[in-house]
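Report on the structure given below.
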Amino acid sequence: MPIWLMVIIAIVVLIILYFIMTYNKLVTLKNRVKTQWSQIDVQLKRRFDLIPNLVNTVKGYAKHEKETLDAVIKARNSYTVADSPESKMQANSELTNAITKLFALSESYPDLKANTNFIELQNELQETENKIAMSRQFYNDTVYSYNNKIDLFPSNIVALLLKFKKEAFFEIKDAERENVKVEF
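In my numbering, the protein residues as written are 2 to 185.
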């Protein structure tokens with residue numbers, strides 16, 4: 002067999018191996034993105050389950066603060082109908098704002114702040130919020146790696162040929178960056 006034919010075969014084999022390795026890496030990163038989203042979803046579900054207990058506890062003390070409580074319930078319900086990561090991210094933003102207002106509301110009711118049930122629920126919710134923040138960070142790190150693999154040469158050729166799509170980052174809205182205003 003001529004040497005030039007062996008060189009061509011070796012190059013073709015190397016290209017095929019690179020293609021296979023890049024495909025496997027892209028699939029691994031895509032699955033990692035899905036797994037990290039599931040971790041966020043688990044924590045959002047935990048938060049979602051805690052909210053009715055928190056709202057019921059607050060209702061007993063702050064009966065005339067119906068608007069704030071309704072906002073929490075509405076935001077919670079919008080999460081139930083969210084059917085995509087993007088719509089869940091939006092519902093999460095609304096829920097975060099509503100919960101922040103609810104906690105700010107508790108400052109006006111010393112008896113509520115001293116209620117052990119409320120304190121326990123608030124602590125559980127705070128712990129859940131911390132887990133959500135960590136899960137978001139891991140998710141965004143994974144999306145960053147995946148999107149880079151799709152964008153960078155030469156793996157972008159494989160990604161383009163196999164129609165890998167970029168994933169969205171879990172971002173907070175501008176409204177969430179502002180201080181919450183609570184008026185009584």
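The beta-carbon is built from N, C-alpha and C at its ideal position, and this holds for glycine as well.
- Secondary structure at D71: helix, using DSSP grouped into helix, strand and coil.
- Rounded to the nearest whole angstrom, the CA to CA distance from N148 to F171 is 13 Å.
- In the three-state DSSP reduction, D84 falls in the coil class, being neither helix nor strand.
- Ranked by how close their Cα comes to the Cα of Q40, the residues Y140, I10, K164, S88 have Y140 in first place.
- For F139, the uninterrupted alpha helix (DSSP H) run begins and ends at 117-152, by DSSP.
- Between the alpha carbons of E68 and E130 lies a distance of about 23 Å.
- Annotation: the continuous alpha helix (DSSP H) that includes L161 extends over 156-162.
- Between the stretch 9-29 and the stretch 116-135, the count of C-beta pairs closer than 8 Å stays below three; the two stretches do not touch.
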